[in-house]
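Enquirer: One line per chain: the protein sequences are X and S, in this order. If you read the first sequence in this note's numbering, its first letter stands for residue 842, the second for the next number, and so on. If you read the second sequence in this note's numbering, its first letter stands for residue 842, the second for the next number, and so on. Beta carbons are placed, not taken as given, at the ideal position from N, Cα and C, and that holds for glycine. These figures come from a predicted structure and were not determined experimentally. My questions will all concern the structure given below.
There are 2 protein chains.
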Amino acid sequence: MFRRKLGTDCLEYTIERKHIAYADIKKSDSEDSSFQIPPKHDLPIYTIEEISKHTNHQERIWVTFQQGVYDITDFIYEHPGGEQILMAAGSAVDPFWMLYSVHLNPHVLDILEKYRIGNLDPNEENDSISDMSDPYANDPKRHSILKPASIKPFNAESPEQLLVENFITPNEIFYVRNHLPVPDIDASTYELEIEIEGKAKTLCLSLEDLKQFPKYTITATVMCAGNRRSEMTKVKPVKGLNWGAAAVGNATWSGASLREVLEKAGLTDVDLDKYKHIQFEAYDTDATGTAYGASIPIWKAVDRRGDVILAYEMNGVPLPRDHGYPVRVIVPGVVGARNVKWLGKIIVSSEESKSHWQQSDYKGFSPSTDWDTVDYSKSPSIQELPVISAICQPVPNTTVKVENGHIKVKGYAWSGGGQDIVRVDVTCDGGKTWHVARFDHHDPQTHPQHWSWTLWSCELPVAQGDKELEIWAKAVDSSYNTQPESFENIWNLRGVLNNAYHRIKVKVE
Amino acid sequence: MFRRKLGTDCLEYTIERKHIAYADIKKSDSEDSSFQIPPKHDLPIYTIEEISKHTNHQERIWVTFQQGVYDITDFIYEHPGGEQILMAAGSAVDPFWMLYSVHLNPHVLDILEKYRIGNLDPNEENDSISDMSDPYANDPKRHSILKPASIKPFNAESPEQLLVENFITPNEIFYVRNHLPVPDIDASTYELEIEIEGKAKTLCLSLEDLKQFPKYTITATVMCAGNRRSEMTKVKPVKGLNWGAAAVGNATWSGASLREVLEKAGLTDVDLDKYKHIQFEAYDTDATGTAYGASIPIWKAVDRRGDVILAYEMNGVPLPRDHGYPVRVIVPGVVGARNVKWLGKIIVSSEESKSHWQQSDYKGFSPSTDWDTVDYSKSPSIQELPVISAICQPVPNTTVKVENGHIKVKGYAWSGGGQDIVRVDVTCDGGKTWHVARFDHHDPQTHPQHWSWTLWSCELPVAQGDKELEIWAKAVDSSYNTQPESFENIWNLRGVLNNAYHRIKVKVE
């Protein structure tokens, strides 16, 4: 059911976003029945595992849409988008239809139904890996489009070129950064505890209790501190997942205001002089039972312009398990690591979280600091992220067709701390000429509450005879901070804060 | 009198800052009589003009301290600080004694008094340029240490190496950025008008009225958008004053809270959805009567963490005329141009200031934008400034003595928007090795209310045989934004936002 509802919701916000502010996107109560795929009881039922084997011409190419299973092998050559469709081979086309909204047309569904061969097993959502001695046995299934940087814990990003197809990143292709196994939480018994240090009484909220608070929806980009690490690694090896430029996504998040929940727990203005941090403890734990944890400064949590929410919905549906089901905190403008998933406890404290991830990870250092000299107590924990941009299309090291003397380049830009993006400059002649990119999607929310990325594009002139180009992009934010030029001088042993100019090489023809 | 009081105040805060938080510095009511220079009625009276002629051995070298005039020609060779003393030749030593607080010792005064030759004319403060057809005729006198970038209007900075001698910049060496003649305002008839657009009644406050509001003191760095422009100019010429790295200073500012004054004028929470900007109009006007003006976003003005004040004191004394006497706005974390001096009117508005300086100046552009293609409406006005640092000692192109295989480098670092400085990296081998600087003065106020610069120093190792070094410095702020490497890729036609790595060359011996 979850899967089917997701399909219709995606449809809804993809269409609606043409008319309304992104932050106002709401899940409608009525569903558009024209995009409901009914079961066909005369056709067989297939499991995801079975479908996943059909990814080439020899085995035939199968895809799913909602509950329908299709053999599209004979359709591929007719597909107007060409071989792009193969990205969904053996898996669901749903996220791609959100990205390429031309599909959201009854006529397209009619074509697809011609290739129907079966129904997706309705029990699939509850399936899990069967070896229960494996702590990751109960991790959820993921869409095959996600490229894993590690399997256990699961960390994955989508191909970069998909990111810029939609202002809102579909849940299925939203990067996943797990530090531990995904906890299996029953929403009906879920509890969130809120403690104010030194006060005897704590507040315990069920999911239903949380839903009684006013519901806020914000659109915010979440990014991993290690996004684009694979570029820094080329200078000198670093420790960490080998992320490309897609450990980032932009989604709508709905839930209760952290500030209002803290007030309910008894936090007063007087307390703000006493406490400095809001700690978060999660339900995911390591083999010793130690929970993931992090903290943010208290001013961010109580600021009316801070927009910190305890989210139970992502893009209009309940949070997917990989993204913190049933409740995570969304701290817009702040590094993903503090946007704690599977939230179990909130502690108002005079101190930062003592967790490994707050104290001994997610910090920046000088390029000359190595593993022999590093002292984690000397650097502040990363909170707001610096200004960054990336080129997502064309894909590096591919061949691009020159049209009317130009090639088209697309990418994203973002800055932490609620900073707006004011300009993206692109060059393909080593900086001799900078072209100002056009903003294709730019949230009208202003600094200091500009939480979403900006999607941009640029037509770059190509000189006759050019065979290869190096394209650079850099963004400027509303405090006129800009990106450092190279990775050499921002290199750090943990490979975080990879915001140097993005530089890619392509062939042109 | 003003001059004399300044001297004693300087003494007071220079001593006090060792014991208390900078932001808490207050002017004491009692004065320390041990540093009062009494008039000597048996000695002649000299004017500043007369004193200013005595700057070399042939004419003799004269200086003043408070109301005393001294011929120090014969003392120079005994001066423990060497020829540094010549920076005060023909002028006042008062600001230097603040910078080098070793002087604040009765024994030093005893030595100085031996060289006493006269008294400073007590009417000097009120003197002005005599040609009344010149709109700048009534500009105040300035200390000769200020190096003018332009005379009319007066714009000047002190030698860079003085900046880092004290966390608090003495008023006399604080850079001056005037756009127009300095208005001559009588504090007893001064009026500040506060208008909320669409409301018939305005609030008018005298200086005494303003002093009835609770008095706040903040320590904040103010910087010109064009600071370090002379480095950008080397890439390609730009329009603007040829500033070095000293168009910046750090001072304590005392006055009323803008937020509280706006509340008194009738601004309510409801209005915050309606209005977006706070405009400031000044008393300085051009030949057509048009006043200097600027605006800031309303959120900054009303935010409890914004710390915007209507200042009537600078470093514990009434604002000097060059710094906005009797009232200026201090918008900490925001470019100097919005810290409007000689404040005449505040307008709560749905729009930005229409002034030239808000609309058609103080904006950033792409390196490829030139005077033929620039469209000022396309860029946002500069508000928060990006992270910056500068090397202040040694002075570029001088010879530095190597001691124990090292040379000492000192400088400042700062970032707008209340960002803290978390690290300064220094290199003298082109970035192969980065040395983390020590923080000599670092305000404990945390982000987002960290308003003061950080003064840093670093001992750089020098290899035997090195004759010349190129030293680079870069700072990292609390959002881990860092400086761009070079001016080539941040060049802009107006020469603002000059925050590339600071690079200087020195000879070593």
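#1: Which chain S residues sit within Cβ distance under 8 Å of I1223 (chain X)?
#2: State the beta-bridge partners of D975 (chain X) as determined by DSSP.
#3: Fully enclosed by the region 884-929 of chain S, which alpha helix (DSSP H) runs are 4 residues long or longer?
#4: Taking 8 Å as the CB-CB cut-off, is I1331 (chain S) touching chain X?
#5: Nearest to G1039 (chain X) by CA position, among X:W1183, X:E1192, X:H948, X:N1340, is which residue?
#6: When you compare each of S:Y1217, S:L1160, S:I1137 to A1178 (chain S) by their alpha carbons, which one comes out closest?
#7: Excluding the 5 residues flanking A864 (chain X) on each side, which residues of the same chain have their C-beta closer than 8 Å to its C-beta?
#8: Could you check whether the Cβ of S1209 (chain X) sits closer than 8 Å to any Cβ belonging to chain S?
#9: CB-CB under 6 Å to G1165 (chain X), same chain, minus the five flanking residues each way: which ones, in chain order?
#10: One question on the structure: do V1175 (chain S) and L1151 (chain S) come within less than 8 Å of each other, judged by their Cβ atoms?
#11: I want to know whether the region 977-997 of chain X touches the region 1131-1146 of chain X - three or more CB-CB distances under 8 Å.
#12: Does any C-beta atom of chain S lie closer than 8 Å to the C-beta of S1298 (chain X)?
#13: Rounding to the nearest angstrom, what Cα-Cα distance links S969 (chain S) and E891 (chain S) in this structure?
#14: Who are P1159 (chain S)'s beta bridge partners in DSSP?
#15: For H1020 (chain S), name the three-state secondary structure that DSSP assigns.
#16: Quick one: using the 10 Å Cβ neighbour count with 16 as the cut-off for buried, is P989 (chain X) buried or exposed?
#17: Closer than 8 Å, Cβ to Cβ, to anything on chain X: give me those residues from the region 1265-1282 of chain S, in chain order.
#18: May I have a chain-ordered list of the beta strand (DSSP E) segments no shorter than 3 residues that lie completely inside the region 1263-1335 of chain S?
#19: Please name the residue in S:V904, S:V1063, S:G931, S:I958 whose C-alpha comes closest to that of P880 (chain S).
#20: Would A862 (chain X) count as contacting chain S if we go by Cβ distances under 8 Å?
#21: Buried or exposed: C1045 (chain S), going by 16 or more other Cβ atoms within 10 Å of its Cβ?
#22: Do you know how far the Cα of A978 (chain S) is from the Cα of I889 (chain S)?
#23: According to DSSP, simplified to helix, strand and coil, what is W938 (chain X)?
#24: Does E1038 (chain S) have its Cβ less than 8 Å from a Cβ in chain X?
#25: For the candidate residues X:A1314, X:S932, X:V1189, whose alpha-carbon lies nearest to that of V1250 (chain X)?
#26: Pull up the CB-CB distance for E1320 (chain X) and L1226 (chain S), whole angstroms please, since I reckon it's below 8 Å.
#27: Closer than 8 Å, CB to CB, is R1179 (chain S) near chain X or not?
#28: Can you tell me the Cα-Cα spacing of N1352 (chain X) and V1172 (chain X), whole angstroms?
#29: Just checking: is the beta-carbon of W1140 (chain S) within a distance shorter than 8 Å of some beta-carbon in chain X?
#30: So who's on the other strand from I1188 (chain X), going by DSSP bridges?
#31: Take E1013 (chain S) as the anchor and find which of S:Y956, S:K1080, S:F1054, S:M939 has the nearest alpha-carbon.
#32: Pull up the distance between the alpha-carbon of A862 (chain S) and that of F1008 (chain S), whole angstroms please.
#33: Does the Cβ-Cβ distance between F1206 (chain S) and S1194 (chain S) come in under 8 Å?
#34: Tell me the DSSP secondary structure of K993 (chain S) in three-state form.
#35: Compare the C-beta of R1146 (chain S) with all C-beta atoms of chain X and state if any pair is closer than 8 Å.
#36: Taking DSSP as the reference, what is the three-state secondary structure of I986 (chain X)?
Expert: If we stick to the structure as given:
#1: Taking the first residue of the first sequence as 1, we reach residue 1223 (chain X) at position 382. Per Cβ cutoff of 8 Å: Y1321.
#2: As a position in the first sequence, residue 975 (chain X) is number 134, starting the count at 1. Partner(s): none; D975 (chain X) has no beta bridge.
#3: 889-893
#4: Taking the second sequence and counting its residues from 1, one reaches residue 1331 (chain S) at position 490. Yes, because at least one Cβ of chain X sits closer than 8 Å to the Cβ of I1331 (chain S).
#5: If you number the first sequence from 1, residue 1039 (chain X) lands on position 198. Nearest of X:W1183, X:E1192, X:H948, X:N1340 to G1039 (chain X), Cα basis: X:E1192.
#6: The residue labelled residue 1178 (chain S) in the question sits at position 337 within the second sequence. Nearest C-alpha to A1178 (chain S): S:I1137.
#7: For the purposes of this step, residue 864 (chain X) is taken as residue 23 along the first sequence, with counting starting at 1. Caution applies to A864 (chain X), whose pLDDT of 29 falls short of 50 and renders its modelled position unreliable; the model cannot decide the point.
#8: Counting from 1 along the first sequence, the entry for residue 1209 (chain X) is found at position 368. Taking Cβ atoms only, chain S reaches closer than 8 Å to S1209 (chain X), which makes this a yes.
#9: Here residue 1165 (chain X) refers to the residue found at position 324 when the first sequence is read from its first residue. Same-chain partners within the cutoff: K1182, W1183.
#10: Here the question's residue 1175 (chain S) lines up with position 334 in the second sequence. Here the question's residue 1151 (chain S) lines up with position 310 in the second sequence. No; because the gap between Cβ atoms is not below 8 Å, this pair is not in contact.
#11: no
#12: Locating residue 1298 (chain X) in the first sequence gives position 457, where the first residue counts as 1. With 8 Å as the cut-off, S1298 (chain X) does not count as an interface residue toward chain S.
#13: Looking up residue 969 (chain S) in the second sequence gives position 128. Looking up residue 891 (chain S) in the second sequence gives position 50. Residue placement at S969 (chain S) is poorly supported in this model, since its pLDDT is 46, which falls under 50; the coordinates are not used for a value here.
#14: Mapped onto the second sequence, residue 1159 (chain S) falls at position 318. According to DSSP, which records beta bridges pairwise, P1159 (chain S) is partnered with S:E1154.
#15: Within the second sequence, the letter at position 179 stands for residue 1020 (chain S). DSSP places H1020 (chain S) in coil when its eight states are reduced to three.
#16: Residue mapping note: residue 989 (chain X) aligns to position 148 of the first sequence, counting from 1. Exposed, because fewer than 16 other Cβ atoms sit within 10 Å of the Cβ of P989 (chain X).
#17: D1266, G1272, T1274, W1275, H1276, V1277
#18: 1279-1282, 1295-1302, 1309-1318
#19: For the purposes of this step, residue 880 (chain S) is taken as residue 39 along the second sequence, with counting starting at 1. Among S:V904, S:V1063, S:G931, S:I958, the Cα nearest to that of P880 (chain S) belongs to S:I958.
#20: Start at 1 with the first residue of the first sequence, and residue 862 (chain X) comes out as number 21. At A862 (chain X), the pLDDT of 26 sits below 50, so the modelled position is not reliable and the matter cannot be decided from this model.
#21: Here residue 1045 (chain S) refers to the residue found at position 204 of the second sequence. Exposed, since its Cβ has fewer than 16 Cβ neighbours within 10 Å.
#22: As a first step, residue 889 (chain S) must be located in the second sequence, where it is residue number 48. As a first step, residue 978 (chain S) must be located in the second sequence, where it is residue number 137. About 17 Å.
#23: What you label residue 938 (chain X) is simply residue 97 of the first sequence in a count that begins at 1. It is helical.
#24: Within the second sequence, numbered from 1, the residue matching residue 1038 (chain S) stands at position 197. Not one chain X Cβ lies under 8 Å of E1038 (chain S).
#25: Locating residue 1250 (chain X) in the first sequence gives position 409, counting from the first residue. When only C-alpha atoms are compared, the closest one is X:A1314.
#26: Here the question's residue 1320 (chain X) lines up with position 479 in the first sequence. Here the question's residue 1226 (chain S) lines up with position 385 in the second sequence. Rather than Glu, the amino acid found at residue 1320 (chain X) in this sequence is Ser. About 7 Å separates the two Cβ atoms, so the contact holds.
#27: Taking the second sequence and counting its residues from 1, the one referred to as residue 1179 (chain S) is at position 338. No, its Cβ sits nowhere closer than 8 Å to a Cβ of chain X.
#28: Outside the shown range of chain X (842 to 1350) lies residue 1352 (chain X), about which nothing can therefore be said.
#29: If you number the second sequence from 1, residue 1140 (chain S) lands on position 299. Cβ-Cβ to chain X under 8 Å: yes for W1140 (chain S).
#30: Position 347 of the first sequence, counted from the first residue, corresponds to residue 1188 (chain X). Partner(s): X:E1036, X:Q1120.
#31: Taking the first residue of the second sequence as 1, we reach residue 1013 (chain S) at position 172. The shortest Cα separation from E1013 (chain S) among S:Y956, S:K1080, S:F1054, S:M939 belongs to S:M939.
#32: Stepping through the second sequence from its first residue, residue 862 (chain S) is reached at position 21. Stepping through the second sequence from its first residue, residue 1008 (chain S) is reached at position 167. Model confidence at A862 (chain S) stands at a pLDDT of 26, short of 50, so the residue's coordinates are unreliable; what they give is reported in the following sentence. Roughly 12 Å between the two C-alpha positions.
#33: Numbered from its first residue, the second sequence carries residue 1206 (chain S) at position 365. Numbered from its first residue, the second sequence carries residue 1194 (chain S) at position 353. Taking 8 Å as the Cβ cut-off, F1206 (chain S) and S1194 (chain S) do not qualify as a contacting pair.
#34: Counting from one through the second sequence, the residue named residue 993 (chain S) turns up at place 152. Note: K993 (chain S) maps to coil in three-state DSSP.
#35: To locate residue 1146 (chain S), count along the second sequence from 1; it is residue 305. Yes, R1146 (chain S) counts as interfacial toward chain X.
#36: Along the first sequence, one-based indexing puts residue 986 (chain X) at 145. Note: I986 (chain X) maps to coil in three-state DSSP.
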